[in-house]
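Notes to accompany the following structure.
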Amino acid sequence: MKYFKFIAIPIIAFVISITISCERDDICAEATPTTPRLIIDFYDISIQEDSKNVFDLRIVGADKDDEDYLTSEVDGVDNIYDGSNNFSQITLPLKTEDSDTGEVASSTQYILTQDYSYDDNDTPDDTDDDIYEGNSDTITINYSTKLVFVSRACGYKTIFENVTISIVNDGDNWISSRESINDNQSVEDETTTHFNFFH
Amino acid sequence: MLCFSVSLNAQNDSIPNTVNDSIKIQEKYGLRVGTDISKLVRTFAGDDYSGFEINADYRLKKKLYIAGEIGIEEKTDVTDYLNITTQGAYIKVGVDFNMYENWLDMDNMIYTGFRLGASSFNHTLNSFNVYSTNQYWEPQFSSTETQKFDGLTAFWLEVIIGMKAEIFNNLYLGLNVQLKAKITETEPDNFTNIYIPGFGKTYDSAGIGAGFSYSISYRIPLYKKDK
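Following this line, the structure appears as structure tokens:
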């Protein structure tokens with residue numbers, strides 16, 4: 008047993024190393040902050056301190072099919088923007104790649120429809136006579152992107168800088184105005200709101 | 009009191025002197041040089057790895073050896089989001105203590121060792137995909153423009169346990185496992201060291217690594233000494 012102490016240290020060390028080796032570090036942990044989404048809060052235009060819900064909000068990407076509404080998970084809950092739920096806050100993923108050019112994206116467009124309703128005229132198979140109702144506003148989010156390394160498992164994330172939002176004027180906008188929380192707004196994480204919308 | 013000391017003396021006198029053993033066993037001292045077979049096997053078996061190592065030890069005392077390894081490695085790591093090639097060279101210097109009591113003129117080792125390791129290497133980022141949890145907009149940005157991270161170094165400490173057996177005269181087969189703890193490393197800008205030659209794979213959460221080696225080595229006998 009004279010050499011016991013010499014052996015004991017390496018053995019303990021190897022048990023630790025085996026434990027660490029078996030850790031699945033090639034899977035990106037869900038809690039890791041990766042590419043952030045844009046967070047927008049809704050406020051009342053007349054009393055600007057008051058949060059105000061948007062009823063029956065439907066959100067669809069501008070170059071997506073009409074049926075392809077957005078679903079965004081926040082804190083383990085899926086926010087389904089299909090036009091049947093009310094929201095005072097929305098979480099919008101931004102494009103990281105321009106699908107036309109394959110280059111880095113610099114803008115994302117969404118159509119936000121308030122008071123959305125849909126009537127298939129009792130003919131579910133015939134889409135020609137379907138009636139969609141609601142006030143649709145198109146917003147354009149412009150930004151520049153930056154690639155930031157996260158970890159070996161998660162690789163790179165995109166963060167967004169110089170983010171601006173413009174509301175396309177259609178003569179009947181339900182979104183009255185918008186403001187960024189900071190000058191020179193960037194979207195680097197999902198811990199705080201980035202923009203306020205008034206309606 | 010007097011009586012006691014007398015009796016002690018008497019006892020000592022009664023023990024006969026031990027006769028010296030007529031056969032003297034001599035142990036060989038010399039420089040042992042070898043290579044890591046596992047690196048050669050992996051080089052020829054897979055296309056994402058190539059490596060070569062020369063290892064050596066020199067018997068300083070009955071149980072103490074000065075030991076070291078020098079080698080080169082090239083490895084490509086592919087994850088879901090990254091594709092990286094690492095290239096570099098390393099050197100490890102330290103000591104091995106033999107803990108095995110050999111019979112007669114046998115010359116085997118069960119040993120524990122310590123090393124200081126150093127590596128100079130570079131990473132080439134071949135391609136990557138941006139990670140995003142929300143896949144409403146697909147695909148995420150991907151790049152195949154290669155990016156090189158040069159002039160990287162790392163230092164680490166190593167604890168080894170292993171064994172070496174003399175299978176033919178002066179020819180040894182050995183195996184060992186190594187636990188490594190990083191001391192310092194150059195962190196590349198906006199990237200991390202995915203793999204360090206000589207150290208092995210790195211982990212996100214800890215500066216600890218592990219490795220193993222199977223070696224074949226030959227001892228150049230220099231002189232002999234009585235056991």
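Protein chains in written order, with the numbering used here: chain S, 8 to 206; chain L, 9 to 235.
Glycine is no exception: its CB is placed at the ideal position from the N, C-alpha and C atoms.
Contact with chain L by residue i, beta-carbon distance below 8 Å
| i | result |
| --- | --- |
| residue 202 (chain S) | no |
| residue 77 (chain S) | yes |
| residue 156 (chain S) | yes |
| residue 160 (chain S) | yes |
| residue 81 (chain S) | no |
| residue 144 (chain S) | no |
| residue 90 (chain S) | no |
| residue 41 (chain S) | yes |
| residue 33 (chain S) | yes |
| residue 140 (chain S) | no |
| residue 147 (chain S) | no |
| residue 8 (chain S) | Note on residue 8 (chain S): pLDDT 49, under 50, position unreliable in the model; the coordinate value appears next. No, residue 8 (chain S) lies away from the interface with chain L (no Cβ there is under 8 Å from its Cβ). |
is_contact[residue i, chain S] using C-beta, thresh 8 Å
| i | result |
| --- | --- |
| residue 194 (chain L) | no |
| residue 15 (chain L) | Bear in mind that a pLDDT of 45 at residue 15 (chain L), under 50, signals an unreliable position, so the number given afterwards is only what the model happens to contain. Answer no: the Cβ-Cβ gap between residue 15 (chain L) and chain S never drops below 8 Å. |
| residue 90 (chain L) | yes |
| residue 46 (chain L) | no |
| residue 226 (chain L) | no |
| residue 57 (chain L) | no |
| residue 199 (chain L) | yes |
| residue 87 (chain L) | yes |
Separation of residue j from residue i, as counted between CA atoms
| i | j | result |
| --- | --- | --- |
| residue 122 (chain L) | residue 223 (chain L) | 17 Å |
| residue 73 (chain S) | residue 79 (chain S) | 17 Å |
| residue 226 (chain L) | residue 65 (chain L) | 10 Å |
| residue 165 (chain L) | residue 168 (chain S) | 42 Å |
| residue 139 (chain L) | residue 203 (chain S) | 27 Å |
| residue 114 (chain S) | residue 197 (chain L) | 27 Å |
| residue 38 (chain L) | residue 77 (chain L) | 17 Å |
| residue 96 (chain S) | residue 199 (chain L) | 34 Å |
| residue 128 (chain L) | residue 58 (chain L) | 16 Å |
| residue 62 (chain L) | residue 136 (chain L) | 34 Å |
| residue 192 (chain S) | residue 45 (chain S) | 11 Å |
| residue 164 (chain S) | residue 174 (chain L) | 53 Å |
| residue 37 (chain S) | residue 198 (chain S) | 15 Å |
| residue 73 (chain L) | residue 93 (chain L) | 35 Å |
| residue 36 (chain L) | residue 162 (chain L) | 36 Å |
| residue 121 (chain S) | residue 145 (chain S) | 11 Å |
| residue 112 (chain S) | residue 208 (chain L) | 36 Å |
| residue 83 (chain S) | residue 40 (chain S) | 14 Å |
| residue 12 (chain L) | residue 41 (chain L) | Its pLDDT being 46, under 50, residue 12 (chain L) is placed unreliably in this model, and the value from its coordinates should be taken loosely. Going by the C-alpha atoms only, they are around 60 Å apart. |
| residue 153 (chain S) | residue 170 (chain S) | 12 Å |
| residue 195 (chain S) | residue 151 (chain S) | 12 Å |
| residue 172 (chain S) | residue 101 (chain L) | 60 Å |
| residue 228 (chain L) | residue 71 (chain L) | 18 Å |
Proximal residues of chain B, C-beta to C-beta of residue i below 7 Å
| i | result |
| --- | --- |
| residue 136 (chain L) | Chain labels in this structure do not include chain B; the protein chains are S and L. |
Opposing strand residues paired with residue i [DSSP bridges]
| i | result |
| --- | --- |
| residue 144 (chain S) | S:119 |
| residue 40 (chain L) | L:65 and L:227 |
| residue 130 (chain L) | L:95 |
| residue 184 (chain L) | L:170 and L:221 |
| residue 185 (chain S) | S:204 |
| residue 107 (chain L) | Bridge partners of residue 107 (chain L): none, in fact. |
| residue 159 (chain S) | Looking at the DSSP assignment, residue 159 (chain S) forms no beta bridge with any residue, so it has no partner. |
| residue 7 (chain S) | With chain S running from 8 to 206 in the structure shown, residue 7 (chain S) is simply not present. |
| residue 162 (chain L) | L:127 and L:193 |
| residue 81 (chain S) | S:84 |
| residue 99 (chain S) | S:45 |
| residue 135 (chain L) | L:91 |
The ligand SAM heavy atom lying under 7 Å from the CB of residue i
| i | result |
| --- | --- |
| residue 130 (chain S) | The ligand SAM is not part of the structure shown, which contains no ligands of any sort. |
- Item | Residues of the stretch 142-165 of chain L whose Cβ lies closer than 9 Å to any Cβ of chain S, in chain order | Along the stretch 142-165 of chain L, going in chain order, the ones with a CB nearer than 9 Å to a CB of chain S are 142, 143, 144, 145, 146, 147, 148, 149, 150 and 151.
- Query: Within the chosen definition, does the stretch 137-155 of chain L reach the stretch 97-117 of chain S through at least 3 CB pairs nearer than 8 Å?
  - Reply: Three or more pairs of CB atoms, one per stretch, sit closer than 8 Å, so the stretch 137-155 of chain L contacts the stretch 97-117 of chain S.
- Report the residues of the stretch 201-214 of chain L with a CB closer than 8 Å to any CB of chain S, ordered along the chain. Taking a C-beta cut-off of 8 Å against chain S, the contacting residues of the stretch 201-214 of chain L are 202, 210, 211, 212, 213 and 214, listed in chain order.
- Pair every Cβ in the stretch 178-185 of chain S with every Cβ in the stretch 152-161 of chain S, then say whether three or more of these pairs are closer than 8 Å. No, the stretch 178-185 of chain S is not in contact with the stretch 152-161 of chain S.
- Is there contact between the stretch 168-188 of chain L and the stretch 101-116 of chain L, where contact requires at least three CB pairs shorter than 8 Å? Judged by pairs of C-beta atoms under 8 Å, the stretch 168-188 of chain L touches the stretch 101-116 of chain L, as three or more such pairs exist.
- Residues within the stretch 111-132 of chain S neighbouring chain L, beta-carbon criterion of under 9 Å: In summary, the residues of the stretch 111-132 of chain S whose CB is separated from some CB of chain L by less than 9 Å are 111, 112 and 115, in the order they occur in the chain.
- Message: With three or more C-beta pairs closer than 8 Å as the rule, is the stretch 153-163 of chain L touching the stretch 103-122 of chain S?
- Response: Taking 8 Å as the limit for Cβ pairs, the verdict is that the stretch 153-163 of chain L does not touch the stretch 103-122 of chain S.
- Message: Which residues of the stretch 56-75 of chain S have a Cβ closer than 9 Å to any Cβ of chain L? Give them in chain order.
- Response: Residues 68, 71 and 75.
- Query: Within the chosen definition, does the stretch 214-223 of chain L reach the stretch 188-201 of chain L through at least 3 CB pairs nearer than 8 Å?
  - Reply: Remark: three or more beta-carbon pairs, one from each stretch, lie closer than 8 Å, so the stretch 214-223 of chain L and the stretch 188-201 of chain L are flagged as touching.
- Message: For the stretch 94-105 of chain S, list every residue whose C-beta sits within 9 Å of some C-beta in chain L, in sequence order.
- Response: So the close ones are 98, 99, 100, 101, 102, 103, 104 and 105.
- What residues in the stretch 42-54 of chain S bring their beta carbon closer than 8 Å to a beta carbon of chain L? Near chain L, meaning a CB-to-CB distance below 8 Å, the residues of the stretch 42-54 of chain S are 42 and 44.
- Query: Taking Cβ-Cβ distances below 7 Å as the criterion, which residues of the stretch 108-141 of chain L are in contact with chain S?
  - Reply: Cβ contacts with chain S come from 120, 136, 137, 138, 139, 140 and 141.
- Inter-stretch contact (C-beta, 8 Å, three-pair minimum) for the stretch 81-93 of chain S and the stretch 64-71 of chain S: Look at the beta carbons and you see the stretch 81-93 of chain S touching the stretch 64-71 of chain S: at least three pairs across the two are nearer than 8 Å.
- Please confirm if the stretch 44-63 of chain L is in contact with the stretch 78-93 of chain L, defined as three or more CB-CB distances below 8 Å between the two stretches. The stretch 44-63 of chain L vs the stretch 78-93 of chain L: in contact.
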